Amino acid sequence: MIVTGVSGYLGGRLAARAVRRGWSVVGTVHAGRCSVAAVQVERIDLVDRSATAALLDRIRPDAVIHAATGRDRGDWAAVADATGTVAVAAAAVGARLVHVSSDAVLSGRQPPYDESALPDPVNRYGAGKAAAETVVKAVAPGAAIVRAPLIVGTDGDSKYERMTPALIAGEPGALFTDSYRSPIHVDDLSEALLELATAGAAAGEHAGVLNVAGPETISFHQLGMLIARRQGLDPALVPSARAGELDVVIPRDTRLDTSLATGLLTIRLRGVREFLA
Ligand SMILES: NC(=O)c1ccc[n+]([C@@H]2O[C@H](COP(=O)([O-])OP(=O)(O)OC[C@H]3O[C@@H](n4cnc5c(N)ncnc54)[C@H](OP(=O)(O)O)[C@@H]3O)[C@@H](O)[C@H]2O)c1
Numbered sequence: 001m002i003v004t005g006v007s008g009y010l011g012g013r014l015a016a017r018a019v020r021r022g023w024s025v026v027g028t029v030h031a032g033r034c035s036v037a038a039v040q041v042e043r044i045d046l047v048d049r050s051a052t053a054a055l056l057d058r059i060r061p062d063a064v065i066h067a068a069t070g071r072d073r074g075d076w077a078a079v080a081d082a083t084g085t086v087a088v089a090a091a092a093v094g095a096r097l098v099h100v101s102s103d104a105v106l107s108g109r110q111p112p113y114d115e116s117a118l119p120d121p122v123n124r125y126g127a128g129k130a131a132a133e134t135v136v137k138a139v140a141p142g143a144a145i146v147r148a149p150l151i152v153g154t155d156g157d158s159k160y161e162r163m164t165p166a167l168i169a170g171e172p173g174a175l176f177t178d179s180y181r182s183p184i185h186v187d188d189l190s191e192a193l194l195e196l197a198t199a200g201a202a203a204g205e206h207a208g209v210l211n212v213a214g215p216e217t218i219s220f221h222q223l224g225m226l227i228a229r230r231q232g233l234d235p236a237l238v239p240s241a242r243a244g245e246l247d248v249v250i251p252r253d254t255r256l257d258t259s260l261a262t263g264l265l266t267i268r269l270r271g272v273r274e275f276l277a
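Mapping of the sequence shown onto UniProt numbering: residues 1 to 277, in sequence order.
Okay, structure coming up:
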């Protein structure tokens with residue numbers, strides 16, 4: 001299989017897991033590096049249509065999991081256009097496409113959201129991910145489009161595991177008390193993506209949007225407090241703020257209805273209070 005973005009947080013964890021599950025993995029990087037030894041690494045700009053088509057034509061993967069996105073979330077070409085090139089290239093070689101989308105396509109004004117929810121993004125990243133969903137649907141109608149929430153791990157490497165101790169140590173910034181997410185563990189999401197990529201698995205046939213999220217919804221500030229406690233820090237020291245009072249445009253409450261995924265996947269999606277306990 002090809003995993004795009006193996007120098008990224010999800011892509012790297014996913015590629016390592018795929019290798020452990022017996023997949024032969026080709027992983028793409030752009031400016032970064034991949035530390036998973038068994039992955040065949042290809043350096044490519046996925047915005048480049050002919051290079052992307054040539055890569056897939058050479059590798060002829062059974063499946064492509066598109067986990068790459070712009071490092072700068074406002075980079076429209078890397079978020080949206082690159083998904084178009086990947087979808088076209090995957091369709092040309094008949095590969096199963098699993099596209100990683102985001103709850104950022106939603107405004108968070110009318111939770112909970114099931115898979116029929118149409119994108120109503122509030123910022124450029126959400127708009128880019130919404131455009132990416134649309135191009136995937138058009139070019140590869142059999143593809144799975146996974147709407148993922150905030151991705152968190154337990155090895156200290158995910159964004160909020162790094163940010164929380166830094167904030168407590170006095171770095172400027174704060175975590176919002178009025179913006180809510182249903183975080184997923186990076187390993188649970190990786191496992192779900194692999195099921196969706198597997199021919200013969202129930203999930204391997206799924207076409208269209210699928211919500212893959214944890215069952216518990218918490219604010220960013222509550223997430224920071226859970227992480228602080230787990231890291232042996234004082235949760236009371238996590239600085240808080242209200243997005244509504246600052247000039248910050250982010251979705252308010254993107255809780256996702258995961259009943260479809262729960263019926264389709266064999267992996268149990270753990271709640272954030274469970275995996276950060
Ligand atoms: N992180 C979250 O909480 C979260 C939440 C919901 C959904 N998602 C989605 O999950 C996926 C993974 O997110 P992440 O946070 O793990 O990503 P990330 O750590 O920011 O990594 C992004 C990856 O995309 C690659 N990339 C960027 N521009 C590229 C280009 N032009 N051509 C080729 N590759 C390019 C990067 O390569 P280099 O590093 O080599 O430049 C990197 O490997 C994304 O689709 C994201 O939208 C993430």
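Each residue gets a CB set at the ideal place from its N, CA and C atoms; glycine is no exception. This structure is a prediction, so every number in the text was calculated from the model and none was measured.
Taking 4 residues as the minimum length, the alpha helix (DSSP H) runs contained wholly in the region 51-94 are 82-92, in order along the chain. Between Tyr160 and Arg255, the CB-CB gap reaches or exceeds 8 Å.
Closest option to Gly214, judged by alpha-carbon separation, among Leu189, Arg60, Val29, Arg230: Leu189. Beta-bridge partners assigned by DSSP to Ala130: none are found. Ile184 is not a Cβ neighbour of Val139, given a cutoff of 8 Å. The C-beta separation of Val135 from Ile145 comes to about 10 Å, leaving the pair out of contact by the 8 Å criterion. Beta-bridge analysis with DSSP links Tyr180 to Ser219, Asp253.
The closest heavy atom of ligand 1 lies 7 Å or more from the beta carbon of Ser107. With 16 or more other CB atoms across the displayed protein chains lying within 10 angstroms of its CB, Thr164 is buried. Taking the CA atoms as reference points, Asp103 sits about 19 Å from Ala82. Collapsing the DSSP output to three states places Val29 in a strand.
Distance from the Cα of Val64 is smallest, within the candidate group Arg109, Gly27, Asp72, for Gly27. Thr4 has its Cβ nearer than 7 Å to a heavy atom of ligand 1. DSSP links Glu42 through a beta bridge to Thr28.
DSSP places Thr4 within a strand segment (E or B) once states are collapsed to three. A direct Cα-to-Cα measurement between Val19 and Gly263 gives close to 26 Å.
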